[in-house]
Structure formats: structure tokens, C-alpha cells
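>
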Amino acid sequence: MKLNALKLTNPYLELPSECYHRTVASPLVKPHLIHANESLAKVLDIDVSELHTENFVKFVNGEYAPKGTDSFAMCYAGHQFGHFVPRLGDGRAINIGTVNGLHMQLKGAGETKYSRSGDGRAVLRSSIREYLMSEAMYGLGIETTRALAIIGSEHKVYREQWEKGSIVLRVSPSWVRFGTFEYFAHKKKYAQLEALADYAIAESYPHLMDEPNKYLHFFTEVVGKTAILMAQWQAVGFQHGVMNTDNMSIHGLTIDYGPYAFLDDYDFENICNHTDQNGRYSFGNQPNIGQWNLQAFMVALSPLVPMEKLEKVLEHYPRLYTQRYLYLMGKKLGLENVTQEKDLALFKHLLGMLQGLTIDYTVFFRTLSRYDGDRTALLKLGLYHTPMNDWLDSYDKRLKENSISTEERHTHMLQTNPKYVLKNYMLQEVIEAAEEGDYTGVDDLFKIAQNPYAEHPEFEKWAGVTPDVFKNEKLSCSS
Ligand code: AMP
Ligand code: MG
Numbered sequence: 074m075k076l077n078a079l080k081l082t083n084p085y086l087e088l089p090s091e092c093y094h095r096t097v098a099s100p101l102v103k104p105h106l107i108h109a110n111e112s113l114a115k116v117l118d119i120d121v122s123e124l125h126t127e128n129f130v131k132f133v134n135g136e137y138a139p140k141g142t143d144s145f146a147m148c149y150a151g152h153q154f155g156h157f158v159p160r161l162g163d164g165r166a167i168n169i170g171t172v173n174g175l176h177m178q179l180k181g182a183g184e185t186k187y188s189r190s191g192d193g194r195a196v197l198r199s200s201i202r203e204y205l206m207s208e209a210m211y212g213l214g215i216e217t218t219r220a221l222a223i224i225g226s227e228h229k230v231y232r233e234q235w236e237k238g239s240i241v242l243r244v245s246p247s248w249v250r251f252g253t254f255e256y257f258a259h260k261k262k263y264a265q266l267e268a269l270a271d272y273a274i275a276e277s278y279p280h281l282m283d284e285p286n287k288y289l290h291f292f293t294e295v296v297g298k299t300a301i302l303m304a305q306w307q308a309v310g311f312q313h314g315v316m317n318t319d320n321m322s323i324h325g326l327t328i329d330y331g332p333y334a335f336l337d338d339y340d341f342e343n344i345c346n347h348t349d350q351n352g353r354y355s356f357g358n359q360p361n362i363g364q365w366n367l368q369a370f371m372v373a374l375s376p377l378v379p380m381e382k383l384e385k386v387l388e389h390y391p392r393l394y395t396q397r398y399l400y401l402m403g404k405k406l407g408l409e410n411v412t413q414e415k416d417l418a419l420f421k422h423l424l425g426m427l428q429g430l431t432i433d434y435t436v437f438f439r440t441l442s443r444y445d446g447d448r449t450a451l452l453k454l455g456l457y458h459t460p461m462n463d464w465l466d467s468y469d470k471r472l473k474e475n476s477i478s479t480e481e482r483h484t485h486m487l488q489t490n491p492k493y494v495l496k497n498y499m500l501q502e503v504i505e506a507a508e509e510g511d512y513t514g515v516d517d518l519f520k521i522a523q524n525p526y527a528e529h530p531e532f533e534k535w536a537g538v539t540p541d542v543f544k545n546e547k548l549s550c551s552s
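Start counting the sequence shown at 74; every next residue gets the next number (my numbering).
(1) Going by DSSP, which residues form a beta bridge with THR253?
(2) Report buried or exposed for PRO540, applying the criterion of at least 16 other Cβ atoms within 10 angstroms of its Cβ.
(3) What residue range does the alpha helix (DSSP H) around LEU197 cover?
(4) Using beta-carbon positions only, say whether GLY170 and THR126 come within less than 8 Å of one another.
(5) Whole angstroms are fine: how far does the CA of ILE119 sit from the CA of TYR468?
(6) Write down the C-beta distance between ILE240 and ILE215 rounded to the nearest angstrom, noting that I regard them as a contact closer than 8 Å.
(7) At 3 residues or longer, and completely inside the stretch 484-526: list those beta strand (DSSP E) runs for me, N to C.
(8) Three or more beta-carbon pairs under 8 Å between the stretch 193-213 and the stretch 75-83, yes or no?
(9) What does DSSP give as the partner residue(s) for ASP433 in the beta ladder?
(10) Note down, in chain order, each residue of its chain lying with its Cβ closer than 6 Å to the Cβ of THR253, except the 5 sequence neighbours on either side.
(11) Which class does HIS458 belong to by DSSP, given the choice of helix, strand or coil?
(12) Listed by chain order, which residues have C-beta atoms less than 6 Å from any heavy atom of the ligand MG?
(13) Starting from the C-beta of LYS344, find all residues in its chain whose C-beta is less than 6 Å away, skip the five residues before and the five after it, and write them out in chain order.
(14) I need the straight-line Cα distance from PRO285 to LEU113, nearest angstrom please.
(15) What is the C-beta distance between ASP340 and ASN475, in whole angstroms, given that I count them as a contact (C-beta under 8 Å)?
(16) DSSP beta-bridge partners for GLY170?
(17) GLY212 and GLN523 look like a contact to me (Cβ under 8 Å); what is the Cβ gap, rounded to whole Å?
(18) Quick check on the DSSP output: the alpha helix (DSSP H) that includes GLU236 runs from which residue to which?
(19) Based on Cα-Cα distance, which residue from ALA334, ALA506, THR513 lies nearest to SER549?
(20) Locate the alpha helix (DSSP H) running through GLY363, then write down its first and last residues.
(21) So ALA25 and PHE257 are supposed to be a Cβ contact under 8 Å. How far apart are they, rounded?
(22) Counting C-beta neighbours from all protein chains within 10 Å, is the total for ASN497 16 or more, i.e. buried, or is it exposed?
(23) Give me the Cβ distance between ARG165 and GLY181, rounded to the nearest whole Å; I'm assuming they're in contact under 8 Å.
(24) Is it true that the CB of GLN153 sits closer than 8 Å to the CB of TRP248?
(25) Between the Cα of ARG243 and the Cα atoms of ARG397, LEU377, LEU117, PRO376, which residue gives the shortest distance?
(26) Just checking TYR256 against the ligand AMP - is the residue's beta carbon closer than 7 Å to any of the ligand's heavy atoms?
(27) Using the three-state DSSP reduction, which class does ALA450 fall into: helix, strand or coil?
(28) Rounded to the nearest angstrom, what separates LYS140 and HIS176 at their Cα positions?
(29) Identify every run of the alpha helix (DSSP H) within the stretch 281-318, keeping only runs that are complete inside it and at least 4 residues long; order them along the chain.
(30) Put LYS75 into one of helix, strand or coil per three-state DSSP.
(31) Thinking C-alpha only, which one of THR299, GLY357, ASP349, ASP329 is nearest GLU342?
(32) When the Cα of TYR512 is compared with those of ILE107, GLU87, LEU76, which residue comes out closest?
(33) In this structure, does DSSP put VAL230 in helix, strand or coil?
(34) Is the closest heavy atom of the ligand AMP to the C-beta of VAL315 under 7 Å?
(35) Out of VAL436, ALA109, LEU500, ILE521, which one is the CA nearest neighbour of MET486?
(36) Does DSSP put ARG482 in a helix, a strand or coil?
Below is the structure:
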């Protein structure tokens with residue numbers, strides 16, 4: 074439909090008024106469209122032809138309000154690097170309304186009551202990163218928020234130097250965070266906490282609405298979803314970078330893309346966030362932090378459910394995580410009937426070998442996806458042959474237990490192990506061009522993001538090992 078036929082609803086505004094603050098967007102100066110997501114437009118019932126109209130740019134810039142728009146910022150708290158901050162909230166994201174169960178936010182649309190010392194803006198580089206990576210995660214089949222469009226502008230925003238302001242219109246089936254619950258639990262506002270829990274259940278887990286122990290079941294679902302998400306991140310080699318509890322979704326989504334990274338060479342201890350000096354959010358620590366965050370969420374839910382019951386549920390997290398991780402790694406290796414007893418040692422051996430030889434994580438699995446006994450291509454990935462040969466000996470032995478043919482295994486593995494992931498050096502190249510007004514790289518990475526398993530011969534230059542100078546760079550949160 075046309076934008077002027079769109080009708081937004083605002084279910085979040087039915088919650089107690091402490092949950093949000095009504096506010097309007099402050100538009101950017103001289104906005105222009107950088108990219109729009111046609112496949113998401115279809116999900117939102119917006120005509121693709123509308124995406125290239127002036128009205129659409131105004132819409133993303135907060136200057137055109139479709140029917141039903143009633144904009145607001147959400148209030149939440151959170152543990153940042155382990156320390157509780159009693160009030161955070163949407164400091165630069167303005168919720169405009171909901172279509173087909175997807176809640177739209179304009180990220181970078183100006184100050185809100187929760188901006189603290191921030192300016193409510195987002196710069197071009199961080200907006201491009203969120204816009205592209207959320208679609209890349211979606212393309213990889215990992216639960217995530219998505220984005221309908223990104224606009225640039227002539228609006229000046231200061232981040233150690235003058236940069237240009239940008240807005241991403243992002244959407245999610247839920248913007249409720251662990252920290253949203255922490256806000257009310259900390260304030261001992263239990264009626265609001267209960268209303269929020271009922272809202273979150275209705276939105277994300279509607280099958281639980283009439284359950285007698287619905288809050289306990291709700292926690293069980295969030296534990297399960299978080300375990301799955303962590304396993305997916307580890308298997309694909311994604312590092313979030315800022316796993317504060319305000320960046321953890323009760324819907325089990327990857328949210329709030331900041332200084333994230335895809336692994337270049339496999340490194341269990343990789344730290345991608347410049348501010349994370351102790352490696353709290355290092356790659357290898359993500360599953361543990363998932364559990365730490367669930368514990369904070371559990372404490373926030375404890376006014377609604379006895380703590381002992383919640384603790385019993387959380388005890389299952391390590392098992393749920395491991396089960397899913399083993400399953401995903403089994404798929405990556407093209408193995409059937411994976412079990413912990415049989416295969417854990419093989420997986421650990423593999424990761425140790427990749428770490429020791431500093432081998433590119435994505436390139437390794439893609440190369441292995443064509444392995445037919447000829448080791449040449451794999452041996453080329455590392456400087457020393459013995460560790461790779463040792464591991465391949467074990468892998469060969471394990472492959473003998475497969476019932477599928479080598480060709481079938483290749484087919485499965487090529488659909489499991491992406492040819493392309495959006496590494497930071499690729500994004501950086503595209504961002505530098507975009508800052509000079511050339512957005513072709515954004516278009517290109519978007520195509521890759523949507524279909525990371527396809528060959529895309531025209532983008533072959535991005536399928537290889539990360540150039541040495543760009544490997545494992547740290548990024549700052551200042552976005
Ligand atoms: P993050 O870790 O990037 O998700 O942000 C943590 C908190 O800081 C959230 O409450 C954000 O809304 C807020 N924030 C980040 N950048 C800005 C900004 N430029 N202006 C206002 N608030 C911000
Ligand atoms: Mg955040």
C-alpha cells in the first residue's frame with residue numbers, strides 16, 4: 074500500500090505511563106535516501122514504488138507521520154559492563170508505531186528524555202553498520218531486528234570530529250530488553266513489572282498467556298531463546314561487542330548493533346570493542362555472559378515468581394547452549410547423528426587447530442564444504458601442515474559414519490557455511506566511500522547480506538582471507 078494508506082498502532086502505549094515517554098522526532102537537515110529494503114517493505118505491506126518517493130525520505134526523517142503515529146521513547150535500565158545503571162532508555166531511538174506486529178523505530182532521530190548527555194543522533198558509519206549487519210544476520214537465519222531504510226543528511230554531528238547524521242528506520246517484533254524489567258524491579262514498582270511481563274508474553278510468547286505459571290514459563294522461553302542465540306553467534310563467528318543487559322532481547326533477537334565483528338582468523342579470546350579492556354565481551358565469553366545476563370533478568374523477575382523456581386530453570390542453560398552448539402557445529406562439518414560423547418573432542422580439536430594456525434574462520438568452513446579427500450586447498454590455509462593433517466585424519470574417520478554421499482554433504486555444507494560474512498574491513502571500505510557520497514558499496518554488501526551462501530562471482534574479492542593489516546581490529550562504541 075501507499076504510505077498514506079498505512080495505519081500504525083501503538084500497543085506499547087497501553088502499558089503504564091512510566092514505561093515510556095511521548096516525544097517527537099527532530100528531523101535531520103537535507104535528508105536523502107541511501108538504501109531501502111524492498112523485501113522488508115513487502116512484509117510491512119508498503120509498496121516498493123513508495124520507497125523511492127520524497128515522502129518516504131520524509132517518513133524516515135520523522136517529517137511525515139502516517140495515520141496512527143504516536144511517537145515515544147521506551148524506558149529501561151541495564152547492567153553495563155557488569156554495573157547496574159538504574160535508568161537508560163531509548164536515548165536516540167524514537168518509536169513511531171507498529172505494522173503487522175513489527176514495531177518501527179527511527180534510530181538517530183534526536184534527543185529524548187532518556188538521552189542523558191547524548192545528542193540523540195547516529196552518525197553515518199554506525200548507521201550503515203546497523204543497517205547492513207542486521208540484514209546479514211537475517212540472511213544467515215539468525216534471529217535479529219531488521220531495517221527498512223537508511224537516510225543520510227547534511228546534519229552535523231560531533232564525534233571527536235564533525236560527521237554527518239543519519240537515521241535508520243529499524244523494526245522488531247519486540248523492543249523489550251532484559252533491562253526493561255530491571256528498571257521496574259529496581260524501583261520496586263511491581264504492578265508495572267507485572268504489566269510489562271503480561272505485555273511481553275502477549276507480544277513474544279502468546280501461547281503462554283493463559284498458562285497458570287506463565288511468568289515461570291516466560292523465563293523458561295527466554296532462557297531457551299538466549300541459549301539458541303548464543304550458540305548461533307558462536308557457530309557463525311559473530312561477536313556482539315556490547316552484551317549489556319539493556320542490549321539483550323527478551324525475544325531472543327540480536328539487537329543494538331554497535332562495535333560488533335565477525336571473526337577474521339579464529340581467536341577464542343578476540344575482543345572487538347575498544348572499551349572492553351578486560352574482555353568481558355570477548356568472543357569466547359559470550360555464552361557465559363548470556364548466562365550472567367539471564368541471571369540479572371531472573372532477579373528482575375523474582376518479585377513475580379519464587380527465585381528457587383527460576384534458578385532451577387536457569388540451571389538448564391549450559392546444557393541447552395551446548396546441545397544447540399553441537400548441533401550447529403555438526404551441521405557446519407556435515408556430520409550426521411552428532412553426540413557430545415562422540416564429537417565434542419573433534420570440535421575442540423578443530424578450534425584448537427584453527428586458533429594455533431590462525432586460520433580464517435569463515436574461509437575454513439567454506440573450503441571444507443568442498444572437501445573430498447584432497448587436502449590441498451585446506452593445507453594452503455595454514456603455515457604448518459601437521460596440525461591440519463592430524464585433524465583431517467580424525468575428520469576422515471568420523472565422515473565414514475555418515476550415510477549421505479560426499480556430494481550430498483557438500484550441498485548441505487555449502488548452504489550452512491556462508492561464502493560471505495560482513496567483516497569489519499569490508500564495512501570500513503564501504504563506509505569510507507559512503508562518506509564521500511558513493512553508496513554503491515552499500516548496495517553491494519546488502520546483496521551479499523541477503524544471500525550469503527550464493528557464489529556472487531562479482532564480489533569474489535570479499536570471499537577471501539582478511540588482509541593482514543585489517544585483521545581483528547577493535548572498534549569504539551562512539552557511534
Ligand atoms: P548502546 O550500548 O549503544 O546500546 O547505548 C547505551 C545507551 O546509551 C542507550 O540507552 C542509548 O539509547 C544511549 N545512547 C547511545 N548513544 C546515544 C546518543 N548519541 N544520544 C543519546 N543517547 C545515546
Ligand atoms: Mg543499546
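From the three backbone atoms N, C-alpha and C, an ideal C-beta is built for every residue, glycine too.
According to the structure data:
(1) In the sequence shown, residue 253 corresponds to position 180, counting from 1. Note: THR253 sits in no beta bridge, so no partner.
(2) Translated into the one-based positions of the sequence shown, residue 540 becomes position 467. It counts as exposed.
(3) Counted from its first residue, the sequence shown places residue 197 at position 124. Element bounds for LEU197: 197-212.
(4) Counting from one through the sequence shown, the residue named residue 170 turns up at place 97. Counting from one through the sequence shown, the residue named residue 126 turns up at place 53. No. Outside cutoff.
(5) Here the question's residue 468 lines up with position 395 in the sequence shown. Here the question's residue 119 lines up with position 46 in the sequence shown. Near 49 Å, if we compare the C-alpha coordinates of ILE119 and TYR468.
(6) Taking the sequence shown and counting its residues from 1, one reaches residue 240 at position 167. Taking the sequence shown and counting its residues from 1, one reaches residue 215 at position 142. Incorrect: roughly 24 Å between the Cβ atoms, too far for contact.
(7) none
(8) no
(9) As a first step, residue 433 is located in the sequence shown; it is residue number 360 there, counting from the start. ASP338.
(10) Numbered from its first residue, the sequence shown carries residue 253 at position 180. Hits under 6 Å: TYR149.
(11) Translated into the one-based positions of the sequence shown, residue 458 becomes position 385. It is coil, neither helix nor strand.
(12) ASP319, ASN320, ASP329
(13) The sequence position of residue 344 within the sequence shown is 271, counting from 1. It should be noted that the sequence gives Ile, not Lys, for residue 344. Result list for ILE344: GLY352, SER355, in chain order.
(14) Start at 1 with the first residue of the sequence shown, and residue 285 comes out as number 212. Start at 1 with the first residue of the sequence shown, and residue 113 comes out as number 40. So the alpha carbons of these two residues sit roughly 37 Å apart.
(15) If you number the sequence shown from 1, residue 340 lands on position 267. If you number the sequence shown from 1, residue 475 lands on position 402. Not a contact, Cβ separation roughly 30 Å.
(16) Translated into positions along the sequence shown, residue 170 becomes position 97. According to DSSP, GLY170 bridges with MET177.
(17) As a working note, residue 212 is residue 139 in the sequence shown. As a working note, residue 523 is residue 450 in the sequence shown. Right, their Cβ atoms sit about 5 Å apart.
(18) By 1-based counting over the sequence shown, the position of residue 236 is 163. Looking at the DSSP string, GLU236 is not in any alpha helix (DSSP H); the run it does join, the beta strand (DSSP E), is 235-245.
(19) Taking the sequence shown and counting its residues from 1, the one referred to as residue 549 is at position 476. Comparing C-alpha distances from SER549 to each of ALA334, ALA506, THR513 shows the shortest one belongs to ALA334.
(20) The residue you call residue 363 lines up with position 290 of the sequence shown. Counting along the chain, the alpha helix (DSSP H) containing GLY363 begins and ends at 359-374.
(21) Lying before the first or after the last residue shown, residue 25 is absent from the chain, which here runs from 74 to 552.
(22) In the sequence shown, residue 497 corresponds to position 424, counting from 1. Under this definition ASN497 is a buried residue.
(23) Here the question's residue 165 lines up with position 92 in the sequence shown. Here the question's residue 181 lines up with position 108 in the sequence shown. Right, their Cβ atoms sit about 6 Å apart.
(24) For the purposes of this step, residue 248 is taken as residue 175 along the sequence shown, with counting starting at 1. For the purposes of this step, residue 153 is taken as residue 80 along the sequence shown, with counting starting at 1. Result no, Cβ atoms of TRP248 and GLN153 do not sit closer than 8 Å.
(25) Counted from its first residue, the sequence shown places residue 243 at position 170. Comparing Cα positions, the closest option is LEU117.
(26) Taking the sequence shown and counting its residues from 1, one reaches residue 256 at position 183. Result no, Cβ not under 7 Å from the ligand AMP.
(27) As a position in the sequence shown, residue 450 is number 377, starting the count at 1. ALA450 falls in the helix class under three-state DSSP.
(28) For the purposes of this step, residue 140 is identified with residue 67 of the sequence shown, where counting begins at 1. For the purposes of this step, residue 176 is identified with residue 103 of the sequence shown, where counting begins at 1. Cα-Cα distance, rounded: 15 Å.
(29) 287-309
(30) Residue numbering aside, residue 75 sits at position 2 when the sequence shown is read from its first letter. In the structure shown, LYS75 falls within a coil segment according to DSSP collapsed to helix, strand and coil.
(31) Here residue 342 refers to the residue found at position 269 when the sequence shown is read from its first residue. The shortest C-alpha separation from GLU342 is found at GLY357.
(32) Counting from 1 along the sequence shown, the entry for residue 512 is found at position 439. Check the Cα spacing between TYR512 and each of ILE107, GLU87, LEU76: the tightest is with ILE107.
(33) Locating residue 230 in the sequence shown gives position 157, counting from the first residue. Three-state result, VAL230: strand.
(34) Walking along the sequence shown from the start, residue 315 turns up at place 242. It does: the Cβ of VAL315 is within 7 Å (strictly closer) of some heavy atom of the ligand AMP.
(35) Residue 486 sits at position 413 when you count from the first residue of the sequence shown. Taking only the C-alpha atoms, the option nearest MET486 is VAL436.
(36) Sequence index remark: in the sequence shown, residue 482 carries index 409 (1-based). ARG482 falls in the helix class under three-state DSSP.
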